[in-house]
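K.L.:
In the numbering used here, the protein residues as written are 1390 to 1495.
#1: Counting pairs of beta carbons, one from the stretch 1427-1441 and one from the stretch 1404-1411, are three or more of them closer than 8 angstroms?
#2: Assuming residue 1443 and residue 1489 make a contact with CB atoms under 8 angstroms, what is their CB distance in whole Å?
#3: Which class does residue 1444 belong to by DSSP, given the choice of helix, strand or coil?
#4: Per DSSP, residue 1457 forms a beta bridge with which residues?
#5: Whole-angstrom Cβ separation of residue 1485 and residue 1449, contact assumed at under 8 angstroms?
#6: Please work out which residues of its chain come closer than 7 angstroms, Cβ to Cβ, to residue 1412, disregarding the five sequence neighbours upstream and downstream, and give them in chain order.
#7: In angstroms with no decimal places, state the Cα-to-Cα distance between residue 1439 and residue 1480.
#8: Out of 1492, 1430, 1487, point me to the one whose CA is closest to residue 1400's CA.
#9: Round the Cβ separation of residue 1483 and residue 1391 to the nearest angstrom and send it over; I've been treating them as touching at under 8 angstroms.
#10: Which class does residue 1487 belong to by DSSP, given the choice of helix, strand or coil?
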């Protein structure tokens, strides 16, 4: 599992600190309960560049034959062009992350 304190690289866009009020608004608008692990990451830094991770995939994606790179984490994007099952929950996703060096990305 990725260490939450060693996840973020830089907050290039200087996003404001995440507040409980912001989480509540997002959950109300999206009609979902956001995972605590996701909220905890965003409380450390509210989106930005990661230290460079990848999620191994068994199926090709538009990014690669065998992985999805995770160099940024911005939150929720409702305009995805492609839906691919990656993980059943955010904890499973974090648990599956590996250094992108193994894919020659780092």
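Ideal Cβ positions, reconstructed from N, Cα and C, are used throughout, including at glycine.
P.N.:
This is what the structure holds:
#1: yes
#2: Sequence index remark: in the chain shown, residue 1443 carries index 54 (1-based). Sequence index remark: in the chain shown, residue 1489 carries index 100 (1-based). Indeed they touch by this definition, with Cβ atoms about 4 angstroms apart.
#3: The sequence position of residue 1444 within the chain shown is 55, counting from 1. In the structure shown, residue 1444 sits in a strand (DSSP, three-state: E or B).
#4: The residue labelled residue 1457 in the question sits at position 68 within the chain shown. Residue 1457 is bridged to 1444.
#5: Numbered from its first residue, the chain shown carries residue 1485 at position 96. Numbered from its first residue, the chain shown carries residue 1449 at position 60. With a Cβ gap of about 17 angstroms, residue 1485 and residue 1449 do not count as contacting.
#6: Within the chain shown, the letter at position 23 stands for residue 1412. Excluding residues within five positions, the ones whose Cβ falls inside 7 angstroms are 1423, 1428.
#7: Start at 1 with the first residue of the chain shown, and residue 1439 comes out as number 50. Start at 1 with the first residue of the chain shown, and residue 1480 comes out as number 91. Cα to Cα, the separation comes out at about 16 angstroms.
#8: Here residue 1400 corresponds to residue number 11 of the chain shown, with the count starting at 1. Per the Cα distances, 1430.
#9: As a first step, residue 1483 must be located in the chain shown, where it is residue number 94. As a first step, residue 1391 must be located in the chain shown, where it is residue number 2. The pair is a contact, with the Cβ atoms about 5 angstroms apart (cut-off 8 angstroms).
#10: Stepping through the chain shown from its first residue, residue 1487 is reached at position 98. Strand.
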